[in-house]
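Below is one structure, written out as structure tokens; comments come after it.
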Amino acid sequence: MRLKMQLSTKHLLGIRALTREDIELILSTAEQFKDVLQRPVKKVPSLRDVTIVNLFYENSTRTRISFELAEKRLSADTINFTASGSSVSKGETLLDTVNNILSMKVDMVVMRHSASGAPHFLAQHIPAAIVNAGDGINEHPTQGLLDALSMKQALGTLEGIRVAIIGDIMHSRVAMSNIYLLKKMGAEVMVAGPPTLIPPYIQEAFGVKVVYKVREALEWCDVANVLRIQLERQSQPLFSSLREYNLAYGVSRRLLDGLKKDIFIMHPGPINRGVELDSDVADSGHSLILQQVENGVAVRMAVLYLLAGKN
Amino acid sequence: MARIILDPDQLKLTIQRLAHQLTEDGLDVKQTVFIGIQPRGIKFADRVVDQIRKLLPGQKVQYGKLDITFYRDDVRDGIHLPNQTSIDFSIEGKTVILIDDVLYTGRTIRSALDALQDFGRPARVALCALIDRRFSRELPIQPDFCGKTIDSIVSQRVIVEWEHERVVLHEGAGA
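Line order of the protein sequences matches chains A and E.
Each residue of the first sequence is one higher than the last, beginning at 286 in this note's numbering.
Each residue of the second sequence is one higher than the last, beginning at 717 in this note's numbering.
Right, here's the structure in full:
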């Protein structure tokens, strides 16, 4: 297979805007960066003259650290911005904040925002390349890509594999990016969870299977991507209690032992241990969770590297 | 218009000669490693190392492949896709023989020297090139072992056509 030389887009706003070739290019470049991360010196000078600002309007630990590490491994200069403690609290608008930062000659913006579409808005107004690090309940493209890389490494391919996304689909940008990506790459997708956390239109809109019993999803799939219950995004309770959620929809060792096959378990983190995922599953040999974190740095290096040439 | 610089017989002879040169002067194979530069230097390096192995039967010749994509200095001018790097031995304190097919501006070798630093600190690095385009250099880099030196202008291209086992000088834009 011959890969094309560059991405079809200047920004990474979501998986929806990427082509299958874009995804293949990012994943294959990420695999080469993964090799770099195994070396004694884990740094390359590719982005030596590129300045990147990490603009985080919403809390994040692993995504922010992962992007920061990816930038440092590529030798880029980085600025970190968090909304709390900044002039945002004095009433400065998003566009003003970004324009001020860009005046300091920044080439790329990595942005997380609680409002869906915030990076798309910026992309229309500023010249820098924008990487969406999660916008509201819309998309989290680098998470989708690193999930895909982890699945590809575990199963050898994405074509035809069966992936069950389990839990809070309604509020999950990870679910959206995973669905877009997996469907584009020829995988089969099923979503499972409480009816109140699964959008009613999802089957017609995205061509994914829907079940409301976690056991059924586990019996069907090769990989179970278990999502976090996002209590902070629920304006009213959508299930009775965490305890009951765990009993009805949690992925437990007992459930997995009841299957007639082995499946891989993934979780984008942070895990609510004992709620959506039990500890003995999260830490088991079939868990890809730590590989996901490791792949995150390589995937983000690939995205930043491939977008840097588009300036 | 194209002109053959090395025909199949000359190419074969050149590779044999280079292998002899590399193994002369009491080469300590335990202290020497051979590294081909991705992607186009590899086919040449494969042949040179193959010859060296024939000249030194029973001895372990260490051979790796180095990709320099992430060490290039022109990322802003366009993205280059990476190739595989496989160096599964230490280069610390060793003599490294870098092998590439065509030495042109010297920028590839500059990147390779940079990349090598990330794998360790070699005692010495030498360069073996099949073709040296000697009047096109942009950096002060010269080969230690050279198959053929040619004088060419920027608009010409030198292509090693492995499918026909020959080296050809093409006229036309785009060096």
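Cβ coordinates follow ideal geometry from the N, Cα and C atoms, glycine included.
I'd like to know if residue i contacts chain E, where contact means its C-beta is closer than 8 Å to some C-beta of that chain.
{"i": "residue 593/A", "result": "yes"}
{"i": "residue 331/A", "result": "yes"}
{"i": "residue 320/A", "result": "yes"}
{"i": "residue 314/A", "result": "yes"}
{"i": "residue 326/A", "result": "yes"}
{"i": "residue 291/A", "result": "yes"}
{"i": "residue 323/A", "result": "no"}
{"i": "residue 317/A", "result": "yes"}
{"i": "residue 294/A", "result": "no"}
Grab the span of the beta strand (DSSP E) containing residue i for me, first residue to last.
{"i": "residue 318/A", "result": "Counting along the chain, residue 318/A falls outside any beta strand (DSSP E), though it belongs to the alpha helix (DSSP H) covering 305-322."}
{"i": "residue 504/A", "result": "Not the beta strand (DSSP E): residue 504/A falls in the alpha helix (DSSP H), residues 499-505."}
{"i": "residue 748/E", "result": "748-753"}
{"i": "residue 886/E", "result": "882-886"}
{"i": "residue 550/A", "result": "549-551"}
{"i": "residue 510/A", "result": "508-511"}
Let's see if you can read the secondary structure: which residues bound the alpha helix (DSSP H) around residue i?
{"i": "residue 585/A", "result": "574-593"}
{"i": "residue 353/A", "result": "347-358"}
{"i": "residue 459/A", "result": "458-469"}
{"i": "residue 531/A", "result": "527-534"}
{"i": "residue 731/E", "result": "724-739"}
{"i": "residue 542/A", "result": "538-542"}
Do we get a CB-CB distance below 8 Å when we pair residue i with the residues of chain A?
{"i": "residue 779/E", "result": "no"}
{"i": "residue 794/E", "result": "yes"}
{"i": "residue 834/E", "result": "yes"}
{"i": "residue 749/E", "result": "no"}
{"i": "residue 724/E", "result": "no"}
{"i": "residue 801/E", "result": "yes"}
{"i": "residue 838/E", "result": "no"}
{"i": "residue 841/E", "result": "no"}
{"i": "residue 798/E", "result": "yes"}
{"i": "residue 890/E", "result": "Confidence in residue 890/E is poor, its pLDDT being 48 and thus under 50, which makes the residue's placement too unreliable to answer from."}
{"i": "residue 830/E", "result": "yes"}
{"i": "residue 791/E", "result": "yes"}
{"i": "residue 786/E", "result": "yes"}
Assign residue i to one of three DSSP states: helix, strand, or coil.
{"i": "residue 447/A", "result": "strand"}
{"i": "residue 872/E", "result": "coil"}
{"i": "residue 811/E", "result": "strand"}
{"i": "residue 891/E", "result": "Its pLDDT being 41, under 50, residue 891/E is placed unreliably in this model, and the value from its coordinates should be taken loosely. Note: residue 891/E maps to coil in three-state DSSP."}
{"i": "residue 816/E", "result": "strand"}
{"i": "residue 892/E", "result": "This structure gives no information on residue 892/E, because the portion of chain E shown stretches from 717 to 891."}
{"i": "residue 297/A", "result": "strand"}
{"i": "residue 877/E", "result": "strand"}
{"i": "residue 607/A", "result": "Nothing in the structure corresponds to residue 607/A, since chain A is present only between 286 and 596."}
{"i": "residue 861/E", "result": "strand"}
{"i": "residue 408/A", "result": "helix"}
{"i": "residue 688/E", "result": "As shown, chain E starts at 717 and ends at 891. That puts residue 688/E outside it, with no answer to give."}
{"i": "residue 831/E", "result": "helix"}
{"i": "residue 779/E", "result": "strand"}
{"i": "residue 744/E", "result": "coil"}
{"i": "residue 361/A", "result": "coil"}
{"i": "residue 335/A", "result": "coil"}
{"i": "residue 789/E", "result": "coil"}
{"i": "residue 763/E", "result": "helix"}
{"i": "residue 516/A", "result": "helix"}
{"i": "residue 855/E", "result": "coil"}
Which partner residues of residue i appear in the DSSP bridge assignment?
{"i": "residue 569/A", "result": "According to DSSP, which records beta bridges pairwise, residue 569/A is partnered with nothing at all."}
{"i": "residue 341/A", "result": "367/A, 397/A"}
{"i": "residue 415/A", "result": "394/A"}
{"i": "residue 841/E", "result": "812/E"}
{"i": "residue 494/A", "result": "475/A"}
{"i": "residue 718/E", "result": "886/E"}
{"i": "residue 434/A", "result": "BP columns for residue 434/A are empty, so no partner."}
{"i": "residue 424/A", "result": "420/A"}
{"i": "residue 866/E", "result": "849/E"}
{"i": "residue 772/E", "result": "Per DSSP, none; premise fails for residue 772/E."}
So residue i and residue j are supposed to be a Cβ contact under 8 Å. How far apart are they, rounded?
{"i": "residue 768/E", "j": "residue 738/E", "result": "6 Å"}
{"i": "residue 874/E", "j": "residue 720/E", "result": "Not really, about 11 Å apart at Cβ, beyond 8 Å."}
{"i": "residue 818/E", "j": "residue 857/E", "result": "About 13 Å; that fails the 8 Å criterion."}
{"i": "residue 836/E", "j": "residue 804/E", "result": "In fact, because the Cβ distance is near 13 Å, the residues do not count as touching under 8 Å."}
{"i": "residue 391/A", "j": "residue 364/A", "result": "7 Å"}
{"i": "residue 443/A", "j": "residue 467/A", "result": "7 Å"}
{"i": "residue 352/A", "j": "residue 585/A", "result": "5 Å"}
{"i": "residue 605/A", "j": "residue 507/A", "result": "Because residue 605/A is not part of the residues shown, which for chain A are 286 to 596, the question remains open."}
{"i": "residue 361/A", "j": "residue 322/A", "result": "Contact doesn't hold; Cβ gap of about 16 Å is too wide."}
{"i": "residue 540/A", "j": "residue 503/A", "result": "6 Å"}
{"i": "residue 557/A", "j": "residue 514/A", "result": "6 Å"}
{"i": "residue 495/A", "j": "residue 535/A", "result": "Their Cβ separation, rounded to whole angstroms, is 19 Å, which puts residue 495/A and residue 535/A out of contact at 8 Å."}
I'd like to confirm something about residue i: is its beta-carbon nearer than 7 Å to some heavy atom of the ligand ZN, or not?
{"i": "residue 870/E", "result": "No copy of the ligand ZN occurs in the structure displayed, which carries no ligand at all."}
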